[in-house]
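Engineer: Numbering (this note's numbering), first residue to last: 36 to 133. For glycine and all other residues, C-beta sits at the position ideal for the given N, C-alpha and C.
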Amino acid sequence: WMHRAAYCKIAKVVAVEKKVRRRRDDIIAAVELGISNGRVEAINNKIKVTVRMGYGFRNTDNLVALLMLRCGDCQPQLPGRPVKARKKGVKGAKSVAA
């Protein structure tokens, strides 16, 4: 199909064929290994949204703290809220006794 697409008269089909040919090794590796960059893209998006939320913070330490809270595995105990038990088997999770 790639040979036929390369000589197609539709410009968008030719453009897709060039991209597939250029990224062929990456596409094959992703299919064989069953991995993607979806999780990284999700975290990047969460960081961008948080930075937009943090516009106007007086210093960057507050922004970094907010990023660590939203993107990290930190769940501080807040006053007036019950302590939630963590799920067992979660990597890096510590169980919290009530």
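Could you give the DSSP three-state label for Y42: helix, strand or coil?
Structural biologist: Counting from 1 along the sequence shown, the entry for residue 42 is found at position 7. DSSP places Y42 in coil when its eight states are reduced to three.
Engineer: Using the beta-carbon count (16 or more within 10 Å), is R39 buried or exposed?
Structural biologist: Counting from 1 along the sequence shown, the entry for residue 39 is found at position 4. Answer is exposed; the Cβ neighbour count stays below 16.
Engineer: Rounded C-beta distance between L98 and V86? I'm assuming under 8 Å.
Structural biologist: As a position in the sequence shown, residue 98 is number 63, starting the count at 1. As a position in the sequence shown, residue 86 is number 51, starting the count at 1. The Cβ separation is near 7 Å, so the contact holds.
Engineer: Considering just the uninterrupted stretch of the alpha helix (DSSP H) at N97, what are its terminal residues?
Structural biologist: Position 62 of the sequence shown holds residue 97. 95-106 is the span of the alpha helix (DSSP H), which, as asked, contains N97.
Engineer: Can you name the start and end residues of the alpha helix (DSSP H) that G73 belongs to?
Structural biologist: Working through the sequence shown from its first residue, we reach residue 73 at position 38. First-last of the alpha helix (DSSP H) with G73: 73-88.
Engineer: Given a cut-off of 7 Å, decide if G89 and L101 are closer than it, judged by their beta-carbon atoms.
Structural biologist: Indexing the sequence shown from 1 puts residue 101 at position 66. Indexing the sequence shown from 1 puts residue 89 at position 54. Yes; because the gap between Cβ atoms is below 7 Å, this pair is in contact.
Engineer: Can you give the beta carbon distance from A41 to V51, rounded, assuming they're within the 8 Å contact cut?
Structural biologist: Walking along the sequence shown from the start, residue 41 turns up at place 6. Walking along the sequence shown from the start, residue 51 turns up at place 16. Not a contact, Cβ separation roughly 10 Å.
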